[in-house]
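Before any comments, here is the structure.
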Amino acid sequence: MVKSVLLICFFTLLLIEASSQEAVQGFIGDSAVLPCHPGKQLTVITVHWRYNDWKNVYDIQNGKGMTKEQDPEYKGRTETFPTEYSNGNFSLKLRNLQKGDEGSYCCFIPEFGRNDCVNLQIKEKPRGIQEKPGSNGGVETTAERIVSLLISLFSITVLLCM
Ligand SMILES: *[C@@H]1O[C@H](CO)[C@@H](O)[C@H](O)[C@H]1NC(C)=O
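Numbering (UniProt numbering), first residue to last: 1 to 162.
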């Protein structure tokens, strides 16, 4: 009995861990905005966007967006928002999404030694549905789903304890 309760607690923790990375969904051919807003002002505006921890997607160096060292895969498909830098918003827009773009995108901020990651999921565009102008590909808050999952898990735990 105690064992199964412990097991459930373990999986609950696993689930919380897995869900702590923000997820963004995009459709093939559309664009998506990958959020990066540490919420603090930087004195030196330098931010590195990387794919799966190593591929160079985009660099912001001393307040300037740079694509010089960018992996060719992202050529002409990336954009950040310089007017937003001063708000501490270093979000990256990725256009013309492909299935191969799926994965983890991290914005590394040397000043804070901080790495914020977002998981990009690419889906086939449903037929007949067009991208709304200005739509950002649907930033998905997985929070709701996670919460309902957690609630059911906790009810099971409580039931087992009684
Ligand atoms: C950051 O800037 C982008 C582009 O303007 C915008 O879509 C996004 O909502 C902004 N994020 C925050 C937290 O302000």
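Here a beta-carbon is modelled for each residue, glycine too, at the ideal position from N, C-alpha and C.
Classify residue i as helix, strand or coil using the three-state DSSP reduction.
| i | result |
| --- | --- |
| LEU34 | strand |
| GLY100 | helix |
| LYS3 | helix |
| GLU79 | strand |
| GLU124 | coil |
| GLU69 | coil |
| GLU84 | helix |
Near residue i, which residues of its chain fall below 7 angstroms by C-beta distance, leaving aside the five closest residues on each side in sequence?
| i | result |
| --- | --- |
| LYS75 | none |
| VAL44 | ASN62, GLU111 |
| LEU120 | VAL24, GLY26, ALA32, LEU34, ASP101, GLU102, GLY103, TYR105 |
| LYS123 | GLN25, PHE27 |
Who are the near neighbours of residue i in its chain, counting only those whose CB is closer than 8 angstroms to its CB and skipping five residues on each side?
| i | result |
| --- | --- |
| GLU69 | ASN56, ASP59 |
| MET66 | TYR58, ASP59, ILE60 |
| LEU92 | VAL33, LEU34, CYS36, TRP49, VAL57, TYR58, THR78, GLU79, THR80, TYR105, CYS107 |
| SER86 | GLN41 |
Where residue i and residue j are concerned, what is the direct C-alpha to C-alpha distance, given to the nearest angstrom?
| i | j | result |
| --- | --- | --- |
| ASP30 | ASN96 | 5 angstroms |
| THR80 | ARG50 | 14 angstroms |
| GLY100 | ILE28 | 10 angstroms |
| LEU42 | MET1 | 52 angstroms |
| PRO38 | VAL47 | 11 angstroms |
| ARG114 | THR83 | 22 angstroms |
| VAL118 | ILE109 | 14 angstroms |
| residue 166 | ARG127 | As shown, the chain starts at 1 and ends at 162. That puts residue 166 outside it, with no answer to give. |
| ASP53 | LEU6 | 33 angstroms |
| GLU125 | PHE90 | The amino acid at residue 125 is misidentified as Glu; the sequence shows Lys. Near 27 angstroms, if we compare the C-alpha coordinates of PHE90 and LYS125. |
Keeping to the same chain, check which residues put their C-beta closer than 6 angstroms to that of residue i; ignore five residues upstream and five downstream.
| i | result |
| --- | --- |
| ASP71 | LYS55, ASN56 |
| ASP116 | CYS36, CYS107 |
| GLU22 | VAL118 |
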